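A short write-up of the structure that comes next.
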Amino acid sequence: MMQFHQALPKVELHAHLNTCISSTTIEKLMLQKPHLNIQHNMTMIRKGQTRTLEECFDMFKIIHQLTDSVEHIFMVTKDVIKEFAADGVKYLELRSTPRDGNTTGMSKKSYVEAILEAIKQCRQENMDIDVRFLLSIDRRGGPTVAMETVKLAEEFFTSSDGLVVGLDLSGDPEVGHAKSFIDPLNAARNIGLKLAVHMAEVQNKNEEWELFLGLPPDRIGHGTFLHPEAGGSDQLVNIIKKHQIPIELCLTSNVKGQTVSSYNCHHFQYWYNHGHPCVLCTDGKGVFASNLSQEYQIAESAFNLSKAQLWDLSFRSINYIFAPESVKSHLRSQWNDLKPGLFNEVLHK
Ligand code: IMP
Ligand code: ZN
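Throughout, this note's numbering is defined as the position within the sequence shown, counted from one, plus 1339.
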């Protein structure tokens, strides 16, 4: 019998494609590229291990060496979607940074096409998961690349039949400044794209956070240092509360990436206790060696949540997806259909 957390229907809203690649898929890629001499500990942080954020970004670069062709991108996208589906995720928003492959002929456009093709194939194979896509802007590229990404996103927004729903701003928080990205993000918003913005992963960047909140984004990624107890301010919290901006909270990612010292100290507690919209997410289930069921399990024990509270957390996450209202209604009825079985029959561990 399936455990509660896996059987719980779930929504995953913060998942970077390349950091979600499982060790099984990494193994396949390593066999195709033995000359790179990449070992598992270079692409994954195991239980009990931690890395600095800087070291995490180095790991991401290593993974990128393994996925530098459209064939690889297609293959990893299918594998990642299958794995999320097997973990009980019913709605997934994947995000990824369009990339050129220097020697493989991959262009940013064909990169996105490969991902969308994989999503469509999963749909044709009747996988029990609805998958949408966000194009990511890497802060490292600055405003010019950001604007190019917005243009690319616009092309796919109008041609992908609802698969492309938004834009993500991510990348090393120590690189670049928010002011470079406000115009591209506003341009994206005007096109109709939703905005998910990584914010406050590192401390003492209040000026950047105020700029981002001026947009305001449709969802915040991490938001670790926004509240006053973490060095943020009441003013920032008030803006976030006023706009009811949901926060994507990634427990294991933050603990293993050392931006949060322990699960018990995670800012999930602050926002959850304030009744603020919270979504549990994995960030990178491959690199951080987790899955969404495990994140719910960790939240349960770290914050003393009941099974009913876990259910509510998952059910409310439907409100914060970027797909339209009709998709939300469909998901809510899926959740309601699954609820009796989950609470009556599944072994509650
Ligand atoms: P990709 O966009 O599919 O290639 O996924 C990896 C990329 O996502 C990295 O190169 C970063 O730009 C971004 N990313 C992944 N995790 C994080 C994070 O925790 N903070 C900021 N950016 C991240
Ligand atoms: Zn992230």
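For glycine and all other residues, C-beta sits at the position ideal for the given N, C-alpha and C. Remember, predicted model here, so these are calculated numbers, not experimental data.
- Counting only runs of at least 3 residues, the region 1606-1644 fully encloses the following beta strand (DSSP E) elements, listed from N- to C-terminal order: 1617-1619.
- Excluding sequence positions up to five before and after Lys1349, its CB lies within less than 6 Å of the CB of Gly1427, Val1428, Leu1631, Ser1653, all in the same chain and listed in chain order.
- Look at Val1514 here: in three-state DSSP terms it is coil, with no helix or strand label.
- Annotated three-state conformation of Phe1661 is coil, per DSSP.
- Taking Glu1634 as the centre and dropping the five residues before and after it, the same chain places the C-beta of Cys1589, Leu1590, Thr1591, Leu1619, Cys1620, Thr1621 closer than 8 Å to its C-beta, in chain order.
- For the pair Ser1498 and Lys1459, the Cα-to-Cα distance works out to about 13 Å.
- Contact fails between the region 1399-1413 and the region 1607-1616, because fewer than three Cβ pairs, one in each stretch, are under 8 Å apart.
- About 19 Å separates the beta carbons of Leu1352 and Tyr1609, which is beyond the 8 Å limit, so they are not a contact pair.
- Within the DSSP secondary-structure output, Val1470 pairs in a beta bridge with Leu1431.
- Looking at Asn1529, Asn1675, His1605, Asn1525, the one whose alpha-carbon comes closest to that of Thr1563 is His1605.
- Taking 7 Å as the cut-off, the C-beta of His1411 does not count as close to any heavy atom of the ligand IMP.
- Counting along the chain, Ser1519 sits inside no beta strand (DSSP E), nor does DSSP assign it H or E at all.
- Straight-line measurement puts the Cα of Glu1547 at about 12 Å from the Cα of Val1536.
- The bridge partners DSSP lists for Lys1349 are Val1428.
- Taking the CA atoms as reference points, Asn1380 sits about 16 Å from Lys1372.
- Between the region 1467-1475 and the region 1433-1440, the count of C-beta pairs closer than 8 Å reaches three or more; the two stretches touch.
- The criterion of a C-beta distance shorter than 8 Å is not satisfied by Ala1354 and Thr1416.
- About 18 Å separates the beta carbon of Gln1542 from that of Arg1390, a gap too long to meet the 8 Å contact definition.
- For the region 1556-1587, the continuous beta strand (DSSP E) assignments of 3+ residues that do not extend past its boundaries occur at 1558-1561, in sequence order.
- Put simply, the backbone Cα of Ile1360 is about 22 Å away from that of Thr1442.
- Under the DSSP assignment, Val1541 falls outside any beta strand (DSSP E); it carries neither an H nor an E label.
- Taking all protein chains in view, the Cβ of Leu1370 is surrounded by fewer than 16 other Cβ atoms within 10 Å, so the residue is classified as exposed.
- The shortest CA-to-CA distance from Ile1384 to any of Glu1493, Lys1447, Val1594 is the one to Val1594.
- For the ligand ZN, a non-hydrogen atom lies closer than 7 Å to the CB of His1355.
- Set against 7 Å, the gap from the CB of His1605 to the closest heavy atom of the ligand ZN is not smaller.
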